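Following: one structure in structure tokens, then a few remarks.
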Amino acid sequence: MSHNLTPITIAHGDGIGPEIMAATLHVLDKAGAQLKYEAIEIGEKVYKKGVPTGIEPSAWESLRRTRIFLKAPITTPQGGGYKSLNVTIRKALGLYANVRPCVSYHPFVRTQHPGMDLVIIRENEEDTYAGIEYQQTDEVAQCLKLISRPGSERIARYAFAYARQNNRKKITCMVKDNIMKMTDGLFYEAFLRIAQDYPEIIIERQIIDIGAAHIADSPERFDVILTENLYGDIISDIAAQVAGSVGLAGSANIGATCAMFEAIHGSAPMIAGQGVANPSALLQAAVMMLVHVGQTSIAENIQNALLATLEAGLHTQDIFVEGKSKQRLGTQSFAESVAQHLGTQPTTLKPVHFKPGNLQTTALTAFPRAKKELVGIDIFLHWDEAHRTPQALGNLLEAINIRAFQFEGLTNRGAEVYPQSFPETFCTDHWRARFIAKSRTANAEDIGFSTHSDVIALLEAIQRLGLDFIKTENLYRINGKLAYSTTTG
Ligand code: NAD
């Protein structure tokens, strides 16, 4: 049989990592998983050797060869200079979809939400997590939120394909497109577009803030939730927590060619070395991995054995309840119990049935190239004169007289402060001056268009005034529509 083994890379991790990995591998072995392991070292020891990413080149070779990674949690050392290993791996391997099922195991694991059974599908590469940040003035730092059409379509298609494959009925898209009309609007539009290919799946939209409140309060109402990177990070921890225990939830990070599977919890250093950690989360991650590599019946057997073990009241200390649980087990004996339950179906909890196949969903909608015209420019200024009155800066900028642009006004942290302003509006040292291309028609109301040379002439004029420009942002009209937010909201 050995020629059929699927090679996978594993990392034993830090803290409780080695204990829960040993327990997981024990169950995989007893269930006859057809896997061949390549172990790599990542995490605390590697960071402490002076590798800021926590992963060495030889480990990348293994990951790029096997393309499948089962990862135990690692400890990120305290202090600056260390990069998040997870973010590094997700980006380097193009793992665009983070899949986190959050299920309650009522009445065997204590939960406020007996009917909870939801899956969060989180975009994993973009958003504020692209890691593009700048300190621009003494007082203001900036983080860029990037949302792309292909990125949004890929994750939306993944969510719909996942729902169809797993017999899920509804997808709720959580966004904040009432405020971030362009970025979150683009994400939501991609969702609506892809939804047309999956007419059997019910769709809904919730604004992320009320959506998060609903997850905390009534998670039973959700089936699949699709959301952006930052929102997904936050709501998946809320969902895991309200489901019962962080020690139970596994997660998959899926890309077009590679995938990583892990527990959602960390390395729990406080209980490391005691043999008490719950291995279920990593085991469930391993089950997702088996489905991904096509070993569905082995995955089913393990998952059902885990459910049967929980039903039998055999619990690790994090979910143990006196009078309700039958026996408090350590990490390894819990794994042995799961192994003994292989071939057993749960009777109260719903047995799982997985459909084979790893979801490859990279097809993107073809769009004709857009017609893009430069119709203005925002110039961001670091300006910190005494009293910082918008009027003083506005007067300086009004004096600019060049052919292509008309000065329109100033905002400070997005609030309009010139020509209109309220004395109550607080101003920092970070200003946005908006210049609109002058009309080239007889109608002064028409927005004109300009060129890069016009922009350079404007910047030279700003420089002559002795002002410190820290960034520029081009204003476009795309396919005839203004493609930037207005200063007045
Ligand atoms: P944590 O998830 O390690 O622990 C939170 C709480 O949950 C603790 O009380 C812990 O004892 C408990 N817990 C976690 N897993 C458990 C399990 N399997 N069984 C029983 N109880 C469990 O979070 P933390 O304490 O904030 O972080 C500890 C370390 O883990 C930090 O260095 C952090 O950077 C790292 N971390 C790593 C990952 C990862 O590798 N994916 C994720 C999160 C945190």
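First residue of the sequence shown: 314, per this note's numbering; consecutive thereafter. No residue lacks a Cβ here, since even glycine has one placed at the ideal position from N, Cα and C. The structure presented is a predicted model; accordingly, all values stated were derived computationally and were not measured.
So what's residue i in DSSP terms, helix, strand or just coil?
i           : result
residue 318 : coil
residue 485 : strand
residue 724 : strand
residue 768 : helix
residue 527 : helix
residue 773 : helix
residue 598 : helix
residue 788 : strand
residue 743 : strand
residue 589 : coil
residue 612 : helix
residue 729 : strand
residue 603 : helix
residue 783 : strand
residue 273 : The structure shown does not extend to residue 273, since the chain is modelled only from 314 to 802, so the question has no answer here.
residue 387 : coil
Looking only at its chain, what residues have a beta carbon closer than 7 Å to the beta carbon of residue i, apart from the 5 residues adjacent to it on each side?
i           : result
residue 778 : 709
residue 341 : 348 and 599
residue 379 : 320, 321, 322 and 351
residue 332 : 588, 590 and 644
residue 503 : 462, 465, 466 and 469
residue 732 : 707 and 722
residue 404 : 438
residue 375 : 322, 351 and 353
residue 446 : 454, 455 and 456
residue 715 : 770, 771 and 774
residue 792 : 683 and 684
residue 627 : 639, 640, 642, 647 and 650
residue 359 : 367, 368 and 369
First and last residue of the alpha helix (DSSP H) that includes residue i?
i           : result
residue 373 : 370-379
residue 437 : Note, residue 437: premise wrong, no alpha helix (DSSP H); not H, not E.
residue 501 : 496-508
residue 546 : 542-556
residue 796 : Looking at the DSSP string, residue 796 is not in any alpha helix (DSSP H), and its letter there is neither H nor E.
residue 576 : It is not in any alpha helix (DSSP H) - residue 576 instead sits in the beta strand (DSSP E) that spans 572-576.
residue 398 : 398-405
Between the Cα of residue i and the Cα atoms of the options, which residue gives the shortest distance?
i           : options               : result
residue 357 : 457, 390, 376 and 370 : 390
residue 672 : 335, 606, 630 and 555 : 606
residue 719 : 692, 701 and 749      : 749
residue 593 : 321, 687, 522 and 339 : 339
residue 336 : 596, 523 and 729      : 596
residue 643 : 329, 761 and 574      : 329
residue 417 : 562, 550, 518 and 372 : 562
residue 695 : 423, 425, 783 and 480 : 783
residue 582 : 387, 360, 383 and 714 : 387
residue 745 : 787, 760, 764 and 712 : 787
residue 555 : 564, 569, 531 and 575 : 531
residue 601 : 576, 512 and 497      : 576
residue 639 : 648, 646 and 624      : 624
residue 724 : 693, 568 and 441      : 693
residue 489 : 515, 344, 516 and 524 : 524
residue 761 : 377, 474 and 751      : 751
residue 798 : 662, 628, 619 and 498 : 498
residue 665 : 441, 612 and 514      : 612
residue 367 : 346, 384, 383 and 395 : 395
residue 549 : 429, 426, 424 and 414 : 414
residue 334 : 586, 661 and 471      : 586
residue 369 : 398, 392, 689 and 381 : 398
residue 521 : 737, 324 and 433      : 433
Looking at the secondary structure, which residues open and close the beta strand (DSSP E) in which residue i lies?
i           : result
residue 564 : 563-567
residue 516 : 515-520
Please report whether the beta-carbon of residue i lies at a distance below 8 Å from any beta-carbon of chain B.
i           : result
residue 447 : Note that chain B does not occur in the displayed structure, where there is just one protein chain.
Near residue i, which residues of its chain fall below 6 Å by C-beta distance, leaving aside the five closest residues on each side in sequence?
i           : result
residue 621 : 654, 657 and 659
residue 420 : none
residue 478 : 668
residue 453 : 741 and 743
residue 796 : 789
Given residue i, which residues of its chain have a CB within under 8 Å of its CB, disregarding the five upstream and five downstream residues?
i           : result
residue 614 : 344, 655 and 656
residue 494 : 798
residue 365 : 394, 395 and 396
Query - Every unbroken beta strand (DSSP E) inside the region 617-686 [3 residues or more] - result: Segments of the beta strand (DSSP E) lying fully in the region 617-686: there are none.
Query - Whole runs of the alpha helix (DSSP H) within the region 410-479, excluding any shorter than 4 residues - result: The qualifying runs are 462-478.
**Report entry** Length-filtered (3 minimum) beta strand (DSSP E) runs lying within the region 681-720
**Finding:** Here the runs fully enclosed are 685-695.
Query raised in the report: Can you list the beta strand (DSSP E) stretches of 3 or more residues lying completely in the region 317-371, in chain order?
Result: Runs of the beta strand (DSSP E) inside the region 317-371: 319-324 and 348-353.
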